[in-house]
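Numbering-wise (our numbering), the sequence shown opens with residue 98 and increments by one.
Structure record follows, encoded as structure tokens.
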Amino acid sequence: MLATLTATPLFLLLPFTHAAGAVPTPISIGNILGNSGAVSSTEMPTELSQDAINAQFLRPAQFTRVVYCSTGAVTSWQCGAPCADLGAGVEVLQAGGDFIAHDSATQSIVVAHQGTDLNFLSVLNDAEIPLVSLNSSRFPNVNGDVKVHDGFQKTFERTADTILAGVQAGLTSKGVSK
């Protein structure tokens with residue numbers, strides 16, 4: 098289990114925001130769990146069932162294992178343990194580095210992005226570490242103080258239109274809303 102989660106750094110970093118010169122601040126996961134996320138200082142944490150953990154955290158994290166398989170293995174859903182652990186009922190809609198799939202178990206469209214792999218181009222992207230503002234045309238409602246690493250921004254820009262089109266097509270063709 099720990100190996101699965103440590104192989105998903107982007108998944109683990111999503112609950113944080115970062116403004117220039119600020120310490121990363123946790124974002125409430127209340128919306129992920131289906132509540133407002135407002136918790137008073139005297140309120141006890143809510144225990145999550147194993148089913149809730151599997152459905153809301155583990156299953157999405159397992160998709161990140163599949164993205165490191167070859168495109169052929171992903172499209173045929175023959176990637177060994179990563180595909181077997183997710184089971185049947187996953188239809189790959191688009192693949193090639195990143196992939197988009199319909200997950201019938203959650204009736205959702207899933208996007209999995211490959212993070213740093215030990216190849217020259219992947220490491221080169223990570224070396225582009227200066228902080229830059231998010232592209233305001235893609236994120237018009239985000240405060241200009243939000244910064245990302247330049248390599249991350251450039252990698253995102255290369256795939257954003259294709260991923261968005263694939264997600265929109267998947268939502269329409271599969272009749273799902275998430």
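For each residue, glycine too, the CB sits at the ideal point set by N, CA and C.
Would you mind giving the Cβ-Cβ distance between residue i and residue j, rounded to the nearest angstrom? I have them listed as a contact below 8 angstroms.
i    : j    : result
P142 : V163 : The pair is not a contact, with the Cβ atoms about 31 angstroms apart (cut-off 8 angstroms).
K271 : I197 : The pair is not a contact, with the Cβ atoms about 11 angstroms apart (cut-off 8 angstroms).
D195 : V208 : 7 angstroms
For the beta strand (DSSP E) that residue i lies in, which residues bound it at each end?
i    : result
F196 : 195–200
A209 : 205–209
V229 : 228–230
Can you give the Cα-Cα distance for residue i and residue j, rounded to whole angstroms?
i    : j    : result
A119 : T139 : Unreliable placement is indicated for A119, whose pLDDT of 39 sits below 50; no coordinate value is reported for it.
D258 : T168 : 19 angstroms
L145 : L155 : 13 angstroms
G263 : I150 : 27 angstroms
M211 : T172 : As written in the sequence, residue 211 is Gln, which differs from the Met given in the question. Approximately 15 angstroms, taken between the alpha carbons.
Q204 : K251 : 31 angstroms
H246 : Q147 : 35 angstroms
S274 : G267 : 10 angstroms
T269 : V239 : 27 angstroms
Less than 7 angstroms between C-beta atoms, sequence neighbours within five positions excluded: which residues of the same chain meet that for residue i?
i    : result
L111 : Note that L111 scores 36 on pLDDT, short of 50, meaning its location in the model is unreliable; the coordinates nonetheless yield the value given after this. So no residue of the chain qualifies.
Between which two residues does the alpha helix (DSSP H) harbouring residue i extend?
i    : result
K251 : 247–271
A185 : First-last for A185: undefined, no H or E at that position.
A158 : 156–163
V171 : 168–172
Quick one: residues in its chain with C-beta nearer than 8 angstroms to the C-beta of residue i, no 5 flanking neighbours on either side, listed in chain order?
i    : result
Q265 : none
G184 : A202
Beta-carbon within less than 6 angstroms of residue i's beta-carbon, same chain only, minus the 5 sequence neighbours each way: which residues are those?
i    : result
A192 : T168, V171, T172
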